[in-house]
Structure formats: structure tokens, C-alpha cells
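Undergrad: If you're matching them up, the sequences are chains A and B in order. All residue numbers for the first sequence refer to the working numbering, where the first residue is 58 and numbers rise by one. All residue numbers for the second sequence refer to the working numbering, where the first residue is 243 and numbers rise by one. Quick one: this structure, given as C-alpha cells, is what I'll be asking you about.
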Amino acid sequence: DVKVTQSSRYLVKRTGEKVFLECVQDMDHENMFWYRQDPGLGLRLIYFSYDVKMKEKGDIPEGYSVSREKKERFSLILESASTNQTSMYLCASSPLYAQGALPFEQYFGPGTRLTVT
Amino acid sequence: DAKTTQPTSMDCAEGRAANLPCNHSTISGNEYVYWYRQIHSQGPQYIIHGLKNNETNEMASLIITEDRKSSTLILPHATLRDTAVYYCIVRVLDYKLSFGAGTTVTVRA
Chain A
58 DVKVTQSSRY
68 LVKRTGEKVF
78 LECVQDMDHE
88 NMFWYRQDPG
98 LGLRLIYFSY
108 DVKMKEKGDI
118 PEGYSVSREK
128 KERFSLILES
138 ASTNQTSMYL
148 CASSPLYAQG
158 ALPFEQYFGP
168 GTRLTVT
Chain B
243 DAKTTQPTSM
253 DCAEGRAANL
263 PCNHSTISGN
273 EYVYWYRQIH
283 SQGPQYIIHG
293 LKNNETNEMA
303 SLIITEDRKS
313 STLILPHATL
323 RDTAVYYCIV
333 RVLDYKLSFG
343 AGTTVTVRA
């Protein structure tokens, strides 16, 4: 089974703090994603990475950055946390389309519920 | 992206089939229909997808009407563990998942 793990299930941070959310997958997937999920707004893509050190902006990248130094690990960084970044953050991974998987077949971690006070 | 319309909620008896409708009347020829679900306090889980033909896998069946304007996800023998929010998505072949409100399905013993 594909396993995607996230470093914390719950996190509370103060406004202005630098926040790191870590995600690790064990299936050697090339693609990794960070989403946030909010009531009324649904699921939205923040960033994705299709290879080590490669990244692309999603729909809502403002206020976030990412790092992918190793294939299995993808980090989301909130440079200066703000209250409007309080949300559920979900990491996902998927194999390459060229390997037979369709792009929307993604495997999600359990999520990190971040509260910024 | 084509807009989808799903009922807000539905109940189902354990052991019975659950039929989840989805309307997508503005779907384009290159857009897929796919379904995810999200059990409480867990990340979303991919279920099934289709383009034109009906599809079946170990989790569910997907029935797409001939005009592709609507579809139905069928959970053949619902269990309590199938209680979740189910999302119907219509989108072109790309990596950007985007969910709306979905249908909250409650399976009752």
C-alpha cells in the first residue's frame, strides 16, 4: 500500500512564525503535492513537484514556498504565518502519467490541521 | 472546468447498494468524471474514473449516461466504513485536483 505520512496531525503556531510542514511518501513516486482544504472553499492546490528540486505553483501559492531535496520528501513552508493560513493541509503523491497512472489518481496523507493564532 | 451538482447528503442501509448521483451537464468531450471520498479525519481517497464507458473496480462502479451529462457512483454493498463525503469531479487530464462540497453519505446499521 502507498503510504504518505505527514509530520504532525495538529499544529498551533503564532502569527509571524516560520512553519514547516513535512511530507514523506514510501512508493518512489515522482509527483508530490500540497493542498489546503477549507470549509466552503473545498480543496485547492498550493504547489506541486514533479521531480527533485522541481516545483510548480498551483492555484494559491502566495504566502507559501516548498522544498524537495529528496524524492520521498516534500516540505511546505509558511515564511511568516498569518491567521488566514489556518487550515487543513494535505500532502499527496502520484506516479508519473507515463507510468500508466492518470494524473488525478493521487494518494493522500492524513492531513495536518494548522491553527495560527 | 465543468460544474458538478451533487445532493448535499444521503443515507444508506448497511448491506444495500448506495447510488450517488452527479450532474455535469456542461461537460466537455475531453473531460473525465472521477470520484474521491474523504472519511472523517482522513485524507481524500481516489475511487474511480471514467470518460465515456461504464467502469468497475474493487471499490465501486461508475455509470455514465450516453450524453455524459450525468453519472452515478454505485457502492454495491455499503458498510459502515463507507460513511464519508463523496466528491464528483469533472476535469481535463491534469494534476490539479479541486473538490467542492460533495455528498455526505451516512451508512446506517
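Just so it is clear, CB atoms sit at the ideal spot from N, CA and C, and this is done for glycine as well. Owing to the predicted nature of the structure, the values given are computational and were not obtained by experimental measurement.
Drop a sphere of 10 angstroms on the beta-carbon of residue 266 of chain B, count the other beta-carbons inside from all chains shown, and report buried for 16 or more, exposed for fewer.
TA: Buried.
Undergrad: Is the CB of residue 340 of chain B under 8 Å away from at least one CB in chain A?
TA: Yes - at least one Cβ of chain A is within 8 Å of the one on residue 340 of chain B.
Undergrad: Tell me, please, whether the stretch 99-117 of chain A touches the stretch 59-75 of chain A by the rule of three or more beta-carbon pairs shorter than 8 Å.
TA: In short, these stretches do not touch, since the Cβ pair count stays below three.
Undergrad: In the DSSP assignment, find the beta strand (DSSP E) that holds residue 279 of chain B and state where it starts and stops.
TA: Looking at the DSSP string, the run of the beta strand (DSSP E) that includes residue 279 of chain B is 274-280.
Undergrad: Are residue 278 of chain B and residue 269 of chain B touching if we call contact CB-CB under 8 Å?
TA: For residue 278 of chain B and residue 269 of chain B, no; Cβs fall outside 8 Å.
Undergrad: Apart from the five residues just before and just after residue 258 of chain B, which ones in its own chain have a Cβ nearer than 7 Å to its Cβ?
TA: These residues qualify, in order along the chain: 320.
Undergrad: What's the gap between the Cα of residue 134 of chain A and the Cα of residue 77 of chain A?
TA: Their Cα atoms are separated by approximately 5 Å.
Undergrad: When you compare the CB of residue 285 of chain B with every CB in chain A, is at least one pair closer than 8 Å?
TA: It does; some Cβ of chain A falls within 8 Å.
Undergrad: Mind listing the chain B neighbours of residue 176 of chain A? Cutoff is C-beta to C-beta under 7 Å, in chain order.
TA: This structure leaves residue 176 of chain A out entirely; chain A is present only between 58 and 174.
Undergrad: In chain order, what residues of the same chain have a beta carbon less than 7 Å from the beta carbon of residue 334 of chain B, not counting five sequence neighbours either side?
TA: So the qualifying residues of the chain are 272, 273.
Undergrad: Report the neighbours of residue 336 of chain B on chain A: residues whose CB is nearer than 7 Å to its CB, in chain order.
TA: Simply 160.
Undergrad: Name the chain A residues whose beta carbon is nearer than 8 Å to that of residue 197 of chain B?
TA: Residue 197 of chain B is absent from the structure shown; chain B starts at 243 and stops at 351.
Undergrad: Measuring CA to CA, which of B:255, B:324, B:311 is closest to residue 263 of chain B?
TA: Nearest C-alpha to residue 263 of chain B: B:311.
Undergrad: Beta-carbon within less than 7 Å of residue 154 of chain A's beta-carbon, same chain only, minus the 5 sequence neighbours each way: which residues are those?
TA: Counting only Cβ-Cβ distances below 7 Å, and skipping sequence neighbours, we find 160.
Undergrad: I want to see whether chain B comes within less than 8 Å of residue 120 of chain A, judged by CB atoms only; does it?
TA: False, the Cβ-Cβ gap to chain B never drops below 8 Å.
Undergrad: Taking 7 Å as the cut-off, is the C-beta of residue 165 of chain A nearer than that to any heavy atom in the ligand MG?
TA: The ligand MG is absent from the structure shown, which contains no ligand whatsoever.
Undergrad: Reducing DSSP to helix, strand and coil, say where residue 140 of chain A ends up.
TA: Here residue 140 of chain A sits in helix by DSSP.
Undergrad: So that I know if they touch, is there some Cβ in chain B lying closer than 8 Å to that of residue 85 of chain A?
TA: No, its Cβ sits nowhere closer than 8 Å to a Cβ of chain B.
Undergrad: Taking 8 Å as the cut-off, decide whether the C-beta atoms of residue 72 of chain A and residue 143 of chain A are in contact.
TA: For residue 72 of chain A and residue 143 of chain A, no; Cβs fall outside 8 Å.
Undergrad: Go through its chain and collect everything with a Cβ distance to residue 117 of chain A's Cβ below 6 Å, but skip five positions before and after it.
TA: Around residue 117 of chain A: 101, 103.
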